[in-house]
Amino acid sequence: MTPSSARDAADALRAGRLILLPTETVYGLGADAGDAQAVAAVFEAKGRPRFNPLISHVADAVAAERIAVMDDRARALAEAFWPGPLTLVMPVRDRERVCDLARAGLDSVAVRVPGHARAREILALFDRPVVAPSANRSGRPSPTTFADAVEETGFAVGAAVDGGDCAVGVESTVVSVLDGRVSLLRPGSVTREEIEAVVGALSDDGQGHRSPGRLSVHYAPDAPVRINAIEARAGEILLGFGPIQGDPRFALSRRDNLREAAANLFRRFREADRERPTGIAVAPIPATGLGEAINDRLKRAAGFVG
Ligand code: TXA
Ligand code: MG
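Under numbering that gives the first Met the number 0, the first residue of the sequence shown carries the number 0, and numbering increases by one thereafter.
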């Protein structure tokens with residue numbers, strides 16, 4: 000694959016395409032964080048059987064403040080480790096620039112300013128957050144060379160930027176700064192000791208001290224969810240797909256387009272919840288392709304999986 004320029008990559012992102020994004024940790028499969036269809040295409044290309052929240056990459060701390068609410072400790076960590084291999088999970092400020100699917104429906108957003116010069120060039124040109132999970136297909140090791148990244152998901156991208164071999168080679172450290180508590184969610188090359196030197200002792204590893212709902216990576220609507228529904232019962236809102244449709248405002252997809260359904264999923268949950276229905280019914284979703292991740296999330300919301 001011919002390597003693309005940073006400008007080509009920014010143009011591809013603007014056109015709703017995916018990119019291969021070099022960072023100092025691993026190569027990422029990038030998309031405009033505000034474009035739910037593009038974010039759905041990331042999950043599709045990776046063949047990920049689940050929707051988990053993704054990291055939004057930005058050019059600098061000023062851009063981070065636009066999408067997240069940073070308290071003093073988040074700012075201190077940003078000052079100490081950005082640009083670099085540290086991701087901060089913080090309350091979301093801008094739900095447009097980082098769409099619901101990118102956050103898996105959560106009220107928090109994971110933000111990182113990568114240290115890699117090419118990554119920062121792309122982010123500065125694009126001037127909007129870029130979600131990027133590692134560029135491997137699901138279940139395979141994260142690519143740390145341009146050739147490996149192209150081999151994994153090059154088929155899915157509109158631009159592939161060669162940033163050489165990744166200097167760090169393991170994923171960024173993920174730290175949450177929520178409700179005044181700082182917790183280590185994923186170990187990485189920035190160590191616990193280095194973080195504690197800046198903000199003092201951490202809450203435990205994001206386990207026992209998690210305040211319910213805030214740090215969970217499993218967003219579920221308030222209303223009970225009933226899956227494989229072919230019609231709405233009294234008081235329910237039906238989220239339609241393909242031939243099974245209720246109120247068109249709540250359609251996951253009016254055709255039978257899985258990418259569109261994935262892009263709409265978390266948003267429809269929220270919109271339906273706002274109407275205070277007795278329940279949310281969801282039309283059957285095929286189990287193929289992105290349907291696997293959609294069904295995984297629906298089963299969790301319906302209480303079938305922990
Ligand atoms: O080094 C890296 O971090 C690479 C490069 C490409 O930047 N990216 C990466 O992304 O590893 P991904 O999607 O594979 O990992 C994101 C991690 C997951 O462990 C996810 O659960 C966590 O960040 N995460 C993201 N948003 C979160 C949130 N709102 N709350 C809790 N955890 C979150
Ligand atoms: Mg990964």
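Ideal placement from N, C-alpha and C gives every residue a C-beta, glycine not left out. Since the structure is predicted, the reported quantities are computational estimates derived from the model, not experimental observations.
Taking the beta strand (DSSP E) that Gly-278 falls in, what are its first and last residues?
For Gly-278, the enclosing beta strand (DSSP E) begins and ends at 278-281.
Quick one: what's got a C-beta closer than 8 Å to Pro-2's C-beta in the same chain, skipping five residues either side?
Phe-145, Ala-159, Val-160 and Asp-161, listed in sequence order.
To the nearest angstrom, how far is it from the Cα of Gly-15 to the Cα of Arg-232?
In this structure, the alpha-carbon of Gly-15 lies about 38 Å from that of Arg-232.
According to DSSP, Asp-31 sits in a beta bridge with which residue or residues?
Asp-31 is bridged to Val-129.
Just to confirm, is the Cβ distance from Gly-241 to Glu-230 under 9 Å?
Going by C-beta atoms, Gly-241 is not nearer than 9 Å to Glu-230.
To test your reading of the DSSP string, which unbroken beta strand (DSSP E) runs of 3 or more residues are found completely within the stretch 43-103?
Listed in chain order, the complete beta strand (DSSP E) runs (minimum 3 residues) inside the stretch 43-103 are 54-56 and 85-90.
Mind checking whether Asp-31 and Arg-13 have CB atoms under 9 Å apart?
Yes, they are a contact pair.
Ends of the alpha helix (DSSP H) at Gly-290?
From DSSP, the alpha helix (DSSP H) with Gly-290 extends over 290-300.
Starting from the C-beta of Glu-259, find all residues in its chain whose C-beta is less than 6 Å away, skip the five residues before and the five after it, and write them out in chain order.
Closer than 6 Å at Cβ, skipping near neighbours: Ser-252.
Pick helix, strand or coil for His-208, following the three-state DSSP scheme.
Residue placement at His-208 is poorly supported in this model, since its pLDDT is 42, which falls under 50; the coordinates still yield a value, given next. DSSP places His-208 in coil when its eight states are reduced to three.
If you draw a straight line from the C-alpha of Asn-135 to the C-alpha of Gly-46, how long is it?
About 9 Å.
Among the candidates Gly-278, Phe-303, Glu-274 and Ala-261, whose CA atom is the shortest distance from the CA of Gly-288?
Cα-wise, what sits closest to Gly-288 is Ala-261.
Any residue with its Cβ nearer than 7 Å to a heavy atom of the ligand MG should be included. What is that list in chain order?
The set of residues with CB atoms less than 7 Å from any heavy atom of the ligand MG reads, in chain order, Pro-132, Ser-133, Asn-135, Ser-141 and Glu-170.
Note down the Cα distance separating Asn-263 from Gly-33, rounded to an integer number of angstroms.
Cα to Cα, Asn-263 sits roughly 13 Å from Gly-33.
For the alpha helix (DSSP H) holding Val-198, just list the boundary residues, first then last.
That run of the alpha helix (DSSP H) goes 191-198.
Taking only the alpha-carbon atoms, compute the straight-line gap between Lys-298 and Val-281 and give it to the nearest angstrom.
Cα-Cα distance, rounded: 11 Å.
Suppose contacts are defined by Cβ-Cβ distances below 9 Å. Is Ala-155 in contact with Ala-40 by that definition?
Yes.
Pick helix, strand or coil for Ala-260, following the three-state DSSP scheme.
Ala-260 falls in the helix class under three-state DSSP.
Hey, is His-217 close to the ligand TXA, as in C-beta under 8 Å from one of its heavy atoms?
Distances between the C-beta of His-217 and the heavy atoms of the ligand TXA are all 8 Å or more.
Buried or exposed (CB count within 10 angstroms, at least 16 for buried), His-208:
Model confidence at His-208 stands at a pLDDT of 42, short of 50, so the residue's coordinates are unreliable and nothing is read from them.
Between Cys-165, Leu-122 and Glu-291, which has its C-alpha nearest Ser-137's C-alpha?
Of the listed residues, the one whose Cα sits closest to Ser-137 is Glu-291.
DSSP-derived helix/strand/coil call for Asp-10:
In this structure, Asp-10 counts as helix in the three-state DSSP scheme.
Give the DSSP bridge partners of Leu-19, in chain order.
BP columns for Leu-19 point to Leu-28 and Ala-159.
Thr-152 - DSSP class collapsed to helix/strand/coil
Looking at Thr-152 - three-state DSSP - the assignment turns out to be helix.
Report whether the distance from the Cβ of Arg-185 to the nearest heavy atom of the ligand TXA is below 8 Å.
The answer is yes for Arg-185.
Let's test the definition: count the other Cβ atoms within 10 Å of the Cβ of Gly-153 and tell me whether it reaches 16, buried, or not, exposed.
So Gly-153 ends up on the buried side.
Just the C-alpha distance for Gly-212 and His-115, rounded to the nearest angstrom, thanks.
Low confidence applies to Gly-212: its pLDDT is 39, below 50, so where it sits in the model is not reliable, and the reading given next is rough at best. Those two C-alpha atoms are separated by around 34 Å.
Closest to Cys-165 by C-alpha separation, out of Val-25, Arg-72 and His-56, would be which residue?
Of Val-25, Arg-72 and His-56, the residue nearest in Cα terms is Val-25.
Nearest residue (CA-CA) to Ala-58, options Thr-22, Ala-37 and Val-68
Per the Cα distances, Thr-22.
Could you pull the DSSP bridge partners for Ile-236 from this structure?
Paired residues: Ile-279.
Could you tell me if the beta carbon of Ile-54 falls within a distance shorter than 8 Å of some heavy atom in the ligand TXA?
At least one heavy atom of the ligand TXA lies closer than 8 Å to the C-beta of Ile-54.
Per DSSP, what kind of secondary structure is Ala-228 in: helix, strand or coil?
The answer is coil: DSSP assigns Ala-228 none of H, G, I, E or B.
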